[in-house]
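Enquirer: Protein sequences appear in the order of chains W, A, S and E. Quick note: the first sequence uses our numbering, first residue 310, plus one each step. Quick note: the second sequence uses our numbering, first residue 310, plus one each step. Quick note: the third sequence uses our numbering, first residue 310, plus one each step. Quick note: the fourth sequence uses our numbering, first residue 310, plus one each step.
There are 4 protein chains.
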Amino acid sequence: MEFQNGKSIFLQIADTITDKVVSGEFEAGKKIPSVREFASEMGVNPNTIMRTYSELQAMNIIENKRGIGYFVNPEAQQVILESKKREFFTKLLPDLLRHAEVLGITRDELKQHLESKNSKS
Amino acid sequence: MEFQNGKSIFLQIADTITDKVVSGEFEAGKKIPSVREFASEMGVNPNTIMRTYSELQAMNIIENKRGIGYFVNPEAQQVILESKKREFFTKLLPDLLRHAEVLGITRDELKQHLESKNSKS
Amino acid sequence: MEFQNGKSIFLQIADTITDKVVSGEFEAGKKIPSVREFASEMGVNPNTIMRTYSELQAMNIIENKRGIGYFVNPEAQQVILESKKREFFTKLLPDLLRHAEVLGITRDELKQHLESKNSKS
Amino acid sequence: MEFQNGKSIFLQIADTITDKVVSGEFEAGKKIPSVREFASEMGVNPNTIMRTYSELQAMNIIENKRGIGYFVNPEAQQVILESKKREFFTKLLPDLLRHAEVLGITRDELKQHLESKNSKS
DNA sequence: GTGGTCTAGACCACC
DNA sequence: GTGGTCTAGACCACA
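#1: Please report the distance separating the alpha-carbon of L402 (chain E) from that of R416 (chain S).
#2: Given N373 (chain A), which residues of its chain have a CB within under 7 Å of its CB, disregarding the five upstream and five downstream residues?
#3: Which term fits V411 (chain E), buried or exposed, when burial requires 16 or more other beta carbons within 10 angstroms of its beta carbon?
#4: Quick check: is the beta carbon of N382 (chain W) nearer than 8 Å to any beta carbon in chain S?
#5: Looking at V331 (chain A): is its Cβ nearer than 8 Å to the Cβ of Q386 (chain A)?
#6: Any C-beta of chain A sitting closer than 8 Å to the C-beta of S430 (chain W)?
#7: Counting only Cβ pairs nearer than 9 Å, list the residues of chain W close to M373 (chain S).
#8: Counting beta carbon pairs with one atom in the region 321-341 of chain A and one in the region 322-330 of chain S, are three or more of them shorter than 8 Å?
#9: Using the beta-carbon of each residue, which ones in chain S are nearer than 9 Å to L405 (chain E)?
#10: Below 6 Å CB to CB, which residues in the same chain sit around K393 (chain S) once its five sequence neighbours on both sides are set aside?
#11: Which of the three DSSP states is assigned to V353 (chain A) in this structure?
#12: Straight-line CA distance for T361 (chain S) to E336 (chain E)?
#13: So, is the C-beta of V388 (chain S) closer than 8 Å to a C-beta in chain E?
#14: Can you round the beta-carbon distance between M351 (chain S) and M310 (chain S) to whole angstroms, since I take them to be within the 8 Å contact cut?
#15: I318 (chain E) touches chain A at which residues, Cβ-Cβ below 9 Å?
#16: Could you give the C-beta distance for G315 (chain W) and V381 (chain W), rounded to a whole number, given that I count them as a contact under 8 Å?
#17: Does DSSP put F347 (chain A) in a helix, a strand or coil?
#18: Just curious, the beta strand (DSSP E) that E334 (chain E) is in, first and last residue?
#19: Between A409 (chain A) and F398 (chain W), how many whole angstroms is the CB-CB distance? I'm expecting something under 8 Å.
#20: Buried or exposed: S428 (chain A), going by 16 or more other Cβ atoms within 10 Å of its Cβ?
#21: To the nearest angstrom, how far is it from the Cα of F312 (chain A) to the Cα of V353 (chain A)?
#22: Identify the contact partners of K420 (chain A) in chain W, using a Cβ-Cβ distance below 7 Å as the criterion.
#23: Mapping DSSP to helix, strand and coil, what is K340 (chain W)?
#24: Reducing DSSP to helix, strand and coil, say where K316 (chain A) ends up.
#25: Taking only the alpha-carbon atoms, compute the straight-line gap between R345 (chain A) and A348 (chain W) and give it to the nearest angstrom.
#26: How big is the Cα-Cα spacing for D328 (chain W) and D404 (chain W)?
#27: Compare the C-beta of V411 (chain A) with all C-beta atoms of chain W and state if any pair is closer than 8 Å.
#28: Could you pull out every residue in the same chain whose Cβ sits closer than 7 Å to the Cβ of P383 (chain A), ignoring the five residues on either side in sequence?
#29: Could you pull out every unbroken beta strand (DSSP E) segment of at least 3 residues lying fully inside the region 375-419 of chain E, listed in chain order?
#30: What is the C-beta distance between L419 (chain W) and L423 (chain A), in whole angstroms, given that I count them as a contact (C-beta under 8 Å)?
#31: Report yes or no: is there a C-beta of chain W within less than 8 Å of the C-beta of K329 (chain A)?
#32: Which residues in chain S sit within 7 Å of K394 (chain E), going by Cβ to Cβ distance?
#33: Using the three-state DSSP reduction, which class does E311 (chain E) fall into: helix, strand or coil?
#34: Take I414 (chain E) as the anchor and find which of S:E391, S:G413, S:I341 and S:S425 has the nearest alpha-carbon.
#35: Quick one: grab the DSSP three-state call for L423 (chain A).
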């Protein structure tokens with residue numbers, strides 16, 4: 310997998326995992342790949358995956374069964390969506406609006422942009 | 310000056326400078342404070358300011374006159390606004406829309422949000 | 310390593326690196342020495358090497374993989390030769406011709422000089 | 310006057326003076342502008358002109374009559390041409406050829422370049 | 001006075 | 001282990 314500079318690899322991997330959980334590729338209650346397996350799949354040091362899993366565990370998205378592996382928490386989808394929505398409405402969106410304001414981009418211009426790309430949604 | 314961590318000091322200072330240029334506090338063609346002067350003003354090591362100035366020079370925002378100091382490039386405002394707009398439309402906005410899509414937030418919801426905060430613009 | 314003064318150490322080191330890339334000692338895609346390692350090898354402060362590597366990265370000659378090290382960009386050789394040729398034909402050569410003209414050296418004299426040293430090529 | 314970065318201003322001014330001497334604008338034996346006068350003409354600090362004049366005096370191109378001013382040395386033209394020719398054949402030309410060789414530019418290519426620009430000489 | 005470079009040494013996040 | 005940033009302090013060339 311290719312990573313972008315400027316954002317930690319372990320966070321980028323965490324994102325791909327939460328995406329897989331939301332999309333259903335990683336199902337609630339089921340085991341996710343082992344640290345080593347996932348590391349080789351991602352072309353990354355196992356320590357990095359370890360860090361990712363720890364982070365996700367702290368967020369209640371996966372849980373560890375010692376000697377067996379990591380499992381998707383039953384409420385993982387809900388947890389992820391909640392935390393992401395919260396971040397979206399309290400950080401990303403206001404941040405964007407603040408930038409737009411500074412640049413003199415009016416909300417009408419933004420709305421037009423939304424409509425011009427409406428074909429997808 | 311107080312700095313947030315998670316972002317390099319020299320970049321935060323670069324931002325305050327571009328802000329001053331856009332706001333007109335640092336006027337086009339005029340000299341900005343010397344490295345040492347600005348360093349003491351910001352409570353920071355001169356090397357750090359040096360780094361900031363070099364970066365801004367590479368972005369064509371300021372230019373150096375040997376032995377005299379750094380001066381605001383005549384087209385600095387334009388350069389800054391262009392680069393920020395580019396970042397906005399190619400990175401920030403698509404990023405936001407991607408997030409929204411994953412979270413199942415429709416463009417109509419977004420538009421409503423824009424209208425609800427319309428009082429300011 | 311011994312350095313000449315009149316030219317920054319970090320630029321001299323950059324030159325030795327591009328030389329190694331062109332000569333093939335530093336192979337495309339492969340890792341170059343770590344900052345600390347190369348610093349001690351050159352008998353120089355790590356910050357100085359850091360500066361060199363940053364400069365080379367900005368010129369698309371090397372690239373960074375987080376936490377692992379710097380690697381020679383696959384097109385590094387090409388990039389280096391192109392930039393050097395550009396400098397040659399837009400700066401060095403016209404400069405020389407300008408000097409020659411001022412000194413009253415004709416192009417025929419120059420051509421004779423070229424032929425007299427032709428044994429090597 | 311506009312100066313290029315990367316070369317000291319006092320050296321750039323020295324070059325314009327030697328050019329004027331060679332071209333005859335500054336005649337042998339005659340007075341050249343005073344430090345202050347030339348400084349304001351060049352839009353430069355008098356110290357800088359002082360440095361230039363000292364340098365030129367050390368090269369036997371101008372000489373100082375205390376309280377009166379600086380005068381073009383009678384043999385100035387000859388001195389300048391000799392020193393520039395020496396520099397040309399011992400430094401500039403070999404330097405250029407060395408670069409060309411590294412870049413794989415043959416002497417034949419160079420000769421063609423000389424001919425293509427022959428219209429001027 | 002100005003910028004520019006370099007060193008020594010520290011601390012941090014990340015792999 | 002890797003790079004990245006920052007500080008403190010020094011020295012230099014140049015205007």
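For every residue, glycine included, the Cβ atom is placed at its ideal position computed from N, Cα and C. Owing to the predicted nature of the structure, the values given are computational and were not obtained by experimental measurement.
Expert: Put simply:
#1: 13 Å
#2: Q366 and Y379
#3: exposed
#4: no
#5: yes
#6: In this predicted model, S430 (chain W) has a pLDDT of only 44, less than 50, meaning its place in the structure is not dependable; the value taken from the coordinates is given anyway. Yes, S430 (chain W) lies at the interface with chain A (some Cβ there is under 8 Å from its Cβ).
#7: Going by the sequence as given, residue 373 (chain S) is Asn instead of Met. Per Cβ cutoff of 9 Å: N314.
#8: no
#9: F397, L401, L402, D404 and L405
#10: none
#11: coil
#12: 48 Å
#13: no
#14: 5 Å
#15: R375 and G376
#16: In fact, because the Cβ distance is near 29 Å, the residues do not count as touching under 8 Å.
#17: helix
#18: Per DSSP, E334 (chain E) belongs to no beta strand (DSSP E) and is neither H nor E.
#19: So it is not a contact: roughly 10 Å between Cβ atoms.
#20: Low local confidence applies: a pLDDT of 46 at S428 (chain A) is under 50, so the model's placement there is unreliable, with the coordinate-based value given in what follows. Exposed, since its Cβ has fewer than 16 Cβ neighbours within 10 Å.
#21: 11 Å
#22: K420 and L423
#23: strand
#24: coil
#25: 48 Å
#26: 23 Å
#27: yes
#28: A337 and G338
#29: 378-381
#30: 6 Å
#31: no
#32: L412
#33: coil
#34: S:E391
#35: helix
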